[in-house]
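Here the structure is laid out as C-alpha coordinates; the discussion comes afterwards.
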Amino acid sequence: RFGVDPATIVVTNDGVVRYVVVARNPAGGAINAFYEGVRCATEQMKGYARSSGGDWETTTDPQWRSFRAMNSSYTKAIAQQALCRGGAPRSSTGEMIARLKNPIRESE
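Position 65 (the sequence shown) corresponds to 65 in the working numbering; numbering is contiguous.
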(Lines of atoms letter the chains of each structure in order from A and count residues from 1; the text may use other names and numbers.)
(Lines give C-alpha, C1' and ligand atoms only; values in the text may rest on other atoms or scores of the structure.)
Protein backbone atom coordinates (compact mmCIF):
# COMPACT_ATOMS: atom_id res chain seq x y z
CA ARG A 1 0.00 0.00 0.00
CA PHE A 2 1.15 3.49 -0.84
CA GLY A 3 0.20 6.87 0.57
CA VAL A 4 1.42 10.43 0.19
CA ASP A 5 2.11 12.43 3.35
CA PRO A 6 -0.04 15.52 2.66
CA ALA A 7 2.15 17.74 4.86
CA THR A 8 5.10 17.18 2.51
CA ILE A 9 3.50 18.35 -0.76
CA VAL A 10 5.28 21.42 -2.14
CA VAL A 11 5.26 23.03 -5.57
CA THR A 12 8.65 24.57 -6.34
CA ASN A 13 9.23 27.76 -8.35
CA ASP A 14 10.14 25.68 -11.41
CA GLY A 15 6.82 23.77 -11.28
CA VAL A 16 8.04 20.52 -9.73
CA VAL A 17 5.66 18.92 -7.23
CA ARG A 18 7.69 17.34 -4.42
CA TYR A 19 6.29 14.98 -1.81
CA VAL A 20 7.03 11.98 0.41
CA VAL A 21 5.27 8.72 -0.38
CA VAL A 22 5.16 5.95 2.21
CA ALA A 23 4.98 2.30 1.16
CA ARG A 24 3.90 -0.39 3.57
CA ASN A 25 4.15 -4.12 2.92
CA PRO A 26 0.96 -5.62 4.37
CA ALA A 27 2.52 -9.08 4.62
CA GLY A 28 5.61 -8.16 6.59
CA GLY A 29 4.85 -4.69 7.86
CA ALA A 30 8.01 -3.22 6.32
CA ILE A 31 7.76 0.53 5.78
CA ASN A 32 9.73 2.51 3.20
CA ALA A 33 9.49 6.20 2.37
CA PHE A 34 10.52 7.96 -0.82
CA TYR A 35 11.10 11.68 -1.39
CA GLU A 36 10.15 12.30 -5.01
CA GLY A 37 9.37 15.03 -7.49
CA VAL A 38 6.99 15.12 -10.44
CA ARG A 39 7.35 17.48 -13.38
CA CYS A 40 3.81 17.61 -14.80
CA ALA A 41 4.77 19.53 -17.97
CA THR A 42 7.04 16.72 -19.19
CA GLU A 43 5.36 13.79 -17.39
CA GLN A 44 8.56 12.89 -15.57
CA MET A 45 9.54 11.90 -12.05
CA LYS A 46 12.74 11.97 -10.03
CA GLY A 47 13.61 10.19 -6.80
CA TYR A 48 15.64 12.34 -4.41
CA ALA A 49 15.95 10.14 -1.30
CA ARG A 50 14.62 7.07 0.48
CA SER A 51 14.28 5.77 4.00
CA SER A 52 13.65 2.31 5.39
CA GLY A 53 12.65 3.53 8.81
CA GLY A 54 15.95 5.12 9.72
CA ASP A 55 17.95 7.96 8.24
CA TRP A 56 17.26 9.30 4.77
CA GLU A 57 19.66 8.16 2.04
CA THR A 58 19.97 10.59 -0.85
CA THR A 59 19.83 9.22 -4.36
CA THR A 60 23.14 9.34 -6.18
CA ASP A 61 22.78 11.34 -9.40
CA PRO A 62 18.97 11.39 -9.62
CA GLN A 63 17.63 11.57 -13.18
CA TRP A 64 14.27 12.57 -14.62
CA ARG A 65 12.36 9.54 -15.98
CA SER A 66 9.10 9.41 -17.89
CA PHE A 67 6.30 8.13 -15.68
CA ARG A 68 4.00 7.60 -18.68
CA ALA A 69 6.16 4.67 -19.80
CA MET A 70 6.11 3.00 -16.37
CA ASN A 71 3.80 0.03 -15.95
CA SER A 72 1.97 -0.23 -12.62
CA SER A 73 3.76 2.76 -11.17
CA TYR A 74 2.33 4.41 -8.06
CA THR A 75 4.05 7.63 -9.16
CA LYS A 76 2.14 7.60 -12.43
CA ALA A 77 -1.15 7.07 -10.59
CA ILE A 78 -0.42 9.80 -8.03
CA ALA A 79 0.56 12.28 -10.74
CA GLN A 80 -2.40 11.57 -13.01
CA GLN A 81 -5.05 11.33 -10.32
CA ALA A 82 -3.96 13.98 -7.85
CA LEU A 83 -0.94 16.18 -8.59
CA CYS A 84 -1.16 17.18 -12.26
CA ARG A 85 -3.85 18.54 -14.53
CA GLY A 86 -3.40 19.50 -18.15
CA GLY A 87 0.40 19.33 -18.05
CA ALA A 88 0.71 21.57 -14.99
CA PRO A 89 0.48 21.17 -11.22
CA ARG A 90 -3.05 21.50 -9.86
CA SER A 91 -3.95 24.97 -8.67
CA SER A 92 -3.17 24.37 -4.98
CA THR A 93 -1.80 21.81 -2.57
CA GLY A 94 -5.29 21.76 -1.03
CA GLU A 95 -6.73 20.56 -4.34
CA MET A 96 -3.96 17.94 -4.59
CA ILE A 97 -4.75 16.65 -1.10
CA ALA A 98 -8.48 16.51 -1.94
CA ARG A 99 -7.68 14.47 -5.06
CA LEU A 100 -5.47 12.11 -3.07
CA LYS A 101 -8.38 11.48 -0.70
CA ASN A 102 -10.84 11.06 -3.57
CA PRO A 103 -8.93 10.26 -6.79
CA ILE A 104 -10.60 11.13 -10.06
CA ARG A 105 -9.41 9.58 -13.28
CA GLU A 106 -9.26 12.26 -15.94
CA SER A 107 -8.48 12.15 -19.63
CA GLU A 108 -5.53 14.41 -20.21
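Every residue gets a Cβ at the ideal spot worked out from N, C-alpha and C, and that includes glycine.
Computed from a prediction, not measured in an experiment: that's the story for all the values here.
- Within its own chain, the residues whose Cβ lies closer than 6 angstroms to the Cβ of Arg39, once the five positions on either side in sequence are excluded, are Val16, listed in chain order.
- Contact between Val4 and Ile78 is confirmed by a C-beta separation of about 6 angstroms, below the 8 angstroms threshold.
- Counted as a single uninterrupted DSSP element, the beta strand (DSSP E) harbouring Glu36 occupies residues Ile31 to Arg39.
- Runs of the alpha helix (DSSP H) lying entirely within the segment 53-98 and spanning at least 4 residues, in chain order: 74-78.
- The C-alpha of Phe67 lies about 15 angstroms from the C-alpha of Pro89.
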